[in-house]
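Below is one structure, written out as structure tokens; the observations come after it.
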Amino acid sequence: MKYLAHYSEPLKARISELLSRDQLGDYLLEKYPEVHKYSTDKALRQYVFELKNRYLKKSNPISKVVYDPKLHVIKNALGTHSFVSRVQGQKLKAKNEIRISTLFKRVPEPFLAMISVHELAHIKEKEHNKAFYSLCEYMLPNYHQLEFDVRVYLTQVEERQDIYSR
1 MKYLAHYSEP LKARISELLS RDQLGDYLLE KYPEVHKYST DKALRQYVFE LKNRYLKKSN
61 PISKVVYDPK LHVIKNALGT HSFVSRVQGQ KLKAKNEIRI STLFKRVPEP FLAMISVHEL
121 AHIKEKEHNK AFYSLCEYML PNYHQLEFDV RVYLTQVEER QDIYSR
């Protein structure tokens, strides 16, 4: 249960118990029964831009938002935020790109919101520090619960099967 390594022992024991009884998938399906409708890069881009425009209007622009099939396998990450600076004439131009693992194409919308908010927060805060998590909570008040639930989902996917790909 590598995704839950930093959580308390009683919490990990509860998840382990649900997993061993083959009830973890049912727990998640009861809590999050439906998958989102943002399954294309174009729909994902629009979804992320709506979040950005709602919460980070004055932040740097985003040049690209896509699903990336290589993320989970190669970088062991669920999403990435790239920041590239280029000199163009007398100006320094910044390019922000957000890539989200294709694992998030068929998950509940709150899971997509959590990973999107996480990557958007990196536009303002590069490090995972207190300011970063405060920004995540500002954009998504139940951010920490959703992050935990995504970790539970990843445990389900790794140990048994993806319950949302049926």
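The sequence shown maps to residues 1 to 166 in UniProt numbering. Positions of the beta carbon are idealized from the N, C-alpha and C atoms, including for glycine.
Own chain, CB closer than 7 Å to residue i, minus 5 neighbours either side, in chain order
| i | result |
| --- | --- |
| P69 | T102 |
First and last residue of the uninterrupted beta strand (DSSP E) at residue i
| i | result |
| --- | --- |
| E97 | K91 to S101 |
Residue i - containing alpha helix (DSSP H), residue span
| i | result |
| --- | --- |
| Y67 | No alpha helix (DSSP H) contains Y67, which is instead part of the beta strand (DSSP E) from I62 to D68. |
| A113 | E109 to K124 |
| S16 | E9 to S20 |
| L24 | L24 to K31 |
Coarse secondary structure for residue i, derived from DSSP in three states
| i | result |
| --- | --- |
| residue 206 | The requested residue 206 is not part of the displayed model; the chain covers only 1 to 166. |
| M1 | coil |
| E127 | coil |
| Q145 | helix |
| D41 | helix |
| E34 | coil |
| S59 | coil |
Separation of residue j from residue i, as counted between CA atoms
| i | j | result |
| --- | --- | --- |
| L154 | Q90 | 46 Å |
| Q156 | Q88 | 47 Å |
| Y164 | K124 | 32 Å |
| A121 | Y55 | 10 Å |
| H144 | M1 | 18 Å |
| Y67 | V117 | 15 Å |
| L24 | L44 | 28 Å |
| K12 | M139 | 27 Å |
| T40 | D162 | 19 Å |
| N60 | A94 | 8 Å |
| S16 | E127 | 31 Å |
| L146 | E137 | 11 Å |
| Q46 | N129 | 28 Å |
| K58 | F49 | 13 Å |
| residue 167 | I115 | Look at the range of the chain in this structure, 1 to 166, and you will see that residue 167 is not part of it. |
| R151 | L4 | 6 Å |
Close-in-space but distant-in-sequence residues of the same chain around residue i (CB under 6 Å, 5 per side omitted)
| i | result |
| --- | --- |
| S8 | none |
| F132 | A121 and E125 |
C-beta contact flag for residue i and residue j at 9 Å
| i | j | result |
| --- | --- | --- |
| H6 | L112 | no |
| R106 | L19 | no |
| E109 | E34 | yes |
| S134 | N96 | no |
| L51 | D149 | no |
Cβ of residue i within 9 Å of any chain C Cβ
| i | result |
| --- | --- |
| E159 | Judged by its chain identifiers, the structure shown contains no chain C, having just a single protein chain. |
Contact test: residue i Cβ vs the ligand ATP heavy atom, cutoff 8 Å
| i | result |
| --- | --- |
| S8 | Annotation note on the ligand ATP: not contained in the displayed structure, which lists no ligands. |
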